[in-house]
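Number of protein chains: 2
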Amino acid sequence: MTDSNTLDSLRADLDSLDEELIALLKKRFALVQKAALLKIENGEGAFSKAREQHVLEHVESCARDQGLPATLMRDVMLRILRESYKFAGEDEIIYPKCTKEHSPVVIVGGNGGMGRIFRRYFELSGYEVRAFGSKGWDNAETYLKDARIVIVSVPIDITCEVIKRLSPYLKAQHILCDFTSVKGPVVEAMLKYHKGTVLGLHPMFGPDVKNLVKQVIVSVPARNEEDSAFLIRQFEVWGAKIERCTAEEHDKAMSIIQALRHFSTYSYGHFLYKLNESIGTLYKLSSPIYRLELMMVGRLFAQDPRLYADIIMSSQSNLELIRKYVSALKEDLCTVEHGDIEEFIENFNKTLNYFGDFAHKALSDSGRALAKLQDERE
Amino acid sequence: MTDSNTLDSLRADLDSLDEELIALLKKRFALVQKAALLKIENGEGAFSKAREQHVLEHVESCARDQGLPATLMRDVMLRILRESYKFAGEDEIIYPKCTKEHSPVVIVGGNGGMGRIFRRYFELSGYEVRAFGSKGWDNAETYLKDARIVIVSVPIDITCEVIKRLSPYLKAQHILCDFTSVKGPVVEAMLKYHKGTVLGLHPMFGPDVKNLVKQVIVSVPARNEEDSAFLIRQFEVWGAKIERCTAEEHDKAMSIIQALRHFSTYSYGHFLYKLNESIGTLYKLSSPIYRLELMMVGRLFAQDPRLYADIIMSSQSNLELIRKYVSALKEDLCTVEHGDIEEFIENFNKTLNYFGDFAHKALSDSGRALAKLQDERE
Chain C
1 MTDSNTLDSL
11 RADLDSLDEE
21 LIALLKKRFA
31 LVQKAALLKI
41 ENGEGAFSKA
51 REQHVLEHVE
61 SCARDQGLPA
71 TLMRDVMLRI
81 LRESYKFAGE
91 DEIIYPKCTK
101 EHSPVVIVGG
111 NGGMGRIFRR
121 YFELSGYEVR
131 AFGSKGWDNA
141 ETYLKDARIV
151 IVSVPIDITC
161 EVIKRLSPYL
171 KAQHILCDFT
181 SVKGPVVEAM
191 LKYHKGTVLG
201 LHPMFGPDVK
211 NLVKQVIVSV
221 PARNEEDSAF
231 LIRQFEVWGA
241 KIERCTAEEH
251 DKAMSIIQAL
261 RHFSTYSYGH
271 FLYKLNESIG
281 TLYKLSSPIY
291 RLELMMVGRL
301 FAQDPRLYAD
311 IIMSSQSNLE
321 LIRKYVSALK
331 EDLCTVEHGD
341 IEEFIENFNK
351 TLNYFGDFAH
361 KALSDSGRAL
371 AKLQDERE
Chain A
1001 MTDSNTLDSL
1011 RADLDSLDEE
1021 LIALLKKRFA
1031 LVQKAALLKI
1041 ENGEGAFSKA
1051 REQHVLEHVE
1061 SCARDQGLPA
1071 TLMRDVMLRI
1081 LRESYKFAGE
1091 DEIIYPKCTK
1101 EHSPVVIVGG
1111 NGGMGRIFRR
1121 YFELSGYEVR
1131 AFGSKGWDNA
1141 ETYLKDARIV
1151 IVSVPIDITC
1161 EVIKRLSPYL
1171 KAQHILCDFT
1181 SVKGPVVEAM
1191 LKYHKGTVLG
1201 LHPMFGPDVK
1211 NLVKQVIVSV
1221 PARNEEDSAF
1231 LIRQFEVWGA
1241 KIERCTAEEH
1251 DKAMSIIQAL
1261 RHFSTYSYGH
1271 FLYKLNESIG
1281 TLYKLSSPIY
1291 RLELMMVGRL
1301 FAQDPRLYAD
1311 IIMSSQSNLE
1321 LIRKYVSALK
1331 EDLCTVEHGD
1341 IEEFIENFNK
1351 TLNYFGDFAH
1361 KALSDSGRAL
1371 AKLQDERE
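Take a look at the structure:
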């Protein structure tokens, strides 16, 4: 056996090849950096969907030509692109500004997690930002006087109160926005206390987000929509995806996807605590899907309990929904207590019919996330 | 502006660089293929944890040297390695066989999903495999006569019956195994109807698995453990991770991670059906974490209802657990109905304390799976 055919020498070859790979990626990021600068000169956004699609199709087709799995190259390239968007968001890079006006942005609660993210993005786009919290009210009049955009980014339970407190300083030119997770009463308060443009917003991500590319911001335009259109464009330039709906649509959906889901996760975790079965044993004996489900429960408890209490208990309609949910569980318990397999299958099929294509897409999409976790398993 | 500095020319450069990347990966897989063949000659398994660790540490440290994010190279390399293990599992490759015996393996139910996977692995390792289903019983005696390993891989509700039916053909040399998700009664039946070696097994993955690398197989040795040790080694050679426990430990954990969790997911989906809120709207307005939660529910309904009914209703202790769970939910409903934030936070903190470090690890680990889904978002 020649030296080039021993396992050790093959492994050494693999190591040098991996170094070439890293050198190539370094070159790639340098090109991306150059492209990012050019895009700013051209006034283009950080993220181009068409370009991403081209890059992915290109590597998939080249992979197929070379007899490599297209899904591999797609996954690898998506991971590289994620980092590319991050590189384009480094401090020295400035995003194009979607308005010729020079008036400042005021963020009330701008030192909170969400406020800080948007503050940074506005600043990187050449806006002057004035942020103040509970201690800055003495200067509120001065801050707001010549501002154009006024964003309320404070905890949900004080949002309406803060809007009311702002009212003496609100002027016709202001675009008044909020970032809260409930839109009905908040948009109502904004319309009541401000006579100018009102735009409800709900960024659907946490303050730990790395950048805004592909992140959803729900927009609820409530008055003079055209006047705030440049602000929506600005979010899009940062890479965000805008979903426009009414306050009612938003709140109805959030009762389910926030309040109900959080309650159910909280309650499942709380029940595991009561059972007191070792998490280590459960995790060890789990398949990838159970491990992810356990993680989805566990991760809730690593976060702020107050935030979850506020979201769950923020409205009577949330409580009504949770009450209905618990009743529905009792009915389902009856089905399994009676060993009624027929009814179980009938309910199952009705639900499948309701989920429609989403069920199958969910199976394959979540499969890719599970594969990622499986890759990491030690 | 020179040509080399226009966005179009930079993008063309990026495209050629991506082609170099693919060429390099093609070379990498060729080396991996060579290494896989050598490993078989040396009698080594498909997956070496130490080698994986080395490869990851090497790329992470090179990335840091080059000013690239180490996490990027870790993710990219894990994805490449996943494919490498798959390459090593192609049909022409043979795994080392962990026994010198030539006696065949019999798989009862070998044409089902799980049976087929193991059949293929045994065959790729040089075992003769005899698989039969409900129609093969006439030849059962011939199939089993000179076999060494006899695996029962049939639906849970008929497993004990099948074991009983096998009993006239079972001989002292047989290692009798099963693949069912309940171990207590099944292991008991195997001990009753077979006087030789008994090994309960529960592969913790679905029949859609690409390969066995890093997949968990729970092992419940019930008689003559040393006699079946070579079989456990065989699973490890295929890359599986063996978790050894008692039937009681296994069943207690499965009541929670299978029956309870499936019931809770089924019931949540069934409730969404009753609410009849558009899945499209819910999905569109969701953050990455809610999208994943919706997927975890939706994916259940793309699968076999009978399987879930069987798992949930397979034992009285499952029903007892689900009953307790529904009672616990009623208590939690009381807490939120009374707006008792203090109690909610107290329960939350007790649960966090129960989850311990897992909660924080779950937050970061699931964050990586979520980032993968976010990368894919269109």
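Chains as they are written, first to last, in the numbering used here: chain C, 1 to 378; chain A, 1001 to 1378. Don't be surprised by glycine CBs; every beta carbon is placed ideally from N, CA and C. From a predicted model like this one, the values you see are computed outputs, not experimental measurements.
Residue i to residue j span [Cα, whole Å]
i, j, result
"A:Tyr1325", "C:Cys334", "13 angstroms"
"A:Leu1294", "C:Ala362", "8 angstroms"
"A:Leu1056", "C:Ser278", "31 angstroms"
"C:Ala35", "C:Leu21", "21 angstroms"
"C:Asp18", "A:Ser1084", "14 angstroms"
"A:Ile1232", "A:Lys1100", "15 angstroms"
"C:Gln316", "C:Asp251", "12 angstroms"
"C:Pro203", "A:Glu1128", "59 angstroms"
"A:Gly1113", "C:Ile345", "21 angstroms"
"C:Asp332", "C:Asp178", "40 angstroms"
"C:Ile311", "C:Ile163", "19 angstroms"
"A:Lys1319", "C:Glu337", "Residue 1319 of chain A is actually Leu in this sequence, not Lys. If I take the Cα positions, the gap works out to 6 angstroms."
"C:Leu329", "A:Phe1271", "8 angstroms"
"C:Ser125", "C:Ser153", "19 angstroms"
"A:Ile1156", "A:Glu1052", "36 angstroms"
"C:His151", "C:Ala70", "First, the residue type needs correcting, since residue 151 of chain C is Ile and not His in the sequence shown. Rounded to the nearest angstrom, the two C-alpha atoms are 44 angstroms apart."
"C:Leu275", "A:Tyr1266", "21 angstroms"
"A:Phe1301", "C:Asp357", "11 angstroms"
"A:Gly1417", "A:His1262", "It is not possible to answer for residue 1417 of chain A, since the shown part of chain A is limited to 1001 through 1378."
"A:Gly1045", "A:His1174", "25 angstroms"
"C:Arg223", "C:Gly196", "7 angstroms"
"C:Lys284", "A:Arg1244", "10 angstroms"
Coil, strand or helix - residue i by DSSP
i, result
"C:Cys62", "helix"
"A:Ala1131", "strand"
"A:Glu1243", "strand"
"C:Cys160", "helix"
"C:Thr281", "helix"
"C:Ser103", "coil"
"C:Asp178", "strand"
"C:Gly200", "strand"
"C:Ala88", "At C:Ala88, the pLDDT of 48 sits below 50, so the modelled position is not reliable; the number obtained from the coordinates is stated separately. C:Ala88: coil per DSSP, three-state reduction."
"C:Arg223", "strand"
"C:Ile289", "helix"
"C:Val150", "strand"
"A:Ile1217", "strand"
"C:Val336", "helix"
"C:Val108", "strand"
"C:Glu378", "coil"
"A:Val1209", "coil"
"C:Lys171", "coil"
"A:Met1313", "coil"
"C:Ile94", "coil"
"A:His1304", "The displayed chain sequence assigns Asp, not His, to residue 1304 of chain A. If DSSP states are grouped into helix, strand and coil, A:Asp1304 belongs with coil."
"A:Asn1042", "coil"
"C:Pro155", "coil"
"C:Ser48", "coil"
Residue i classed as buried or exposed, judged by whether at least 16 other C-beta atoms fall within 10 angstroms
i, result
"A:Ala1229", "exposed"
"C:Arg120", "exposed"
"A:Glu1060", "buried"
"C:Glu378", "exposed"
"C:Thr142", "exposed"
"C:Asn347", "buried"
"A:Gly1043", "exposed"
Proximity test, residue i beta-carbon vs the ligand GTP heavy atom, cut-off 7 angstroms
i, result
"C:Arg261", "Ligands in the displayed structure: none, and consequently the ligand GTP is not present."
*For the region 8 to 21 of chain C, which residues have a beta carbon sitting closer than 9 angstroms to at least one beta carbon of chain A?*
Leu10, Arg11, Asp13, Leu14, Asp15, Leu17, Asp18, Glu19, Glu20 and Leu21
*May I ask you to list, following chain order, the residues of the region 1166 to 1197 of chain A that have a beta carbon less than 9 angstroms from some beta carbon of chain C?*
none
*Contact residues within the region 1113 to 1138 of chain A, judged by C-beta distance below 8 angstroms to chain C*: none
_Can you pull out the residues from the region 1331 to 1352 of chain A whose beta carbon lies closer than 7 angstroms to at least one beta carbon of chain C?_
Asp1332, Leu1333, Val1336, Glu1337, Gly1339, Ile1341, Phe1344, Ile1345, Asn1347, Phe1348, Asn1349, Lys1350, Thr1351 and Leu1352
_chain A contacts from the region 61 to 72 of chain C (Cβ-Cβ distance under 8 angstroms)_ = Cys62, Ala63, Gln66, Gly67, Leu68, Pro69 and Leu72
*Using a Cβ cut-off of 8 angstroms, which residues of the region 1073 to 1085 of chain A contact any Cβ in chain C, in chain order?*
Residues of the region 1073 to 1085 of chain A whose Cβ lies closer than 8 angstroms to any Cβ of chain C, in chain order: Met1073, Asp1075, Val1076, Met1077, Leu1078, Arg1079, Ile1080, Leu1081, Arg1082 and Glu1083.
*the region 1206 to 1219 of chain A: which residues have C-beta closer than 7 angstroms to a C-beta of chain C, in chain order?*
Lys1214, Val1216 and Val1218
_Interfacial residues, the region 1306 to 1329 of chain A to chain C, with Cβ spacing under 9 angstroms_ = Taking 9 angstroms as the upper bound on Cβ-Cβ separation, chain C lies near residues Arg1306, Tyr1308, Ala1309, Asp1310, Ile1312, Met1313, Asn1318, Leu1319, Leu1321, Ile1322, Arg1323, Lys1324, Tyr1325, Val1326, Ala1328 and Leu1329 of the region 1306 to 1329 of chain A.
_Short of 7 angstroms Cβ to Cβ, which residues in the region 1144 to 1159 of chain A face chain C?_
none
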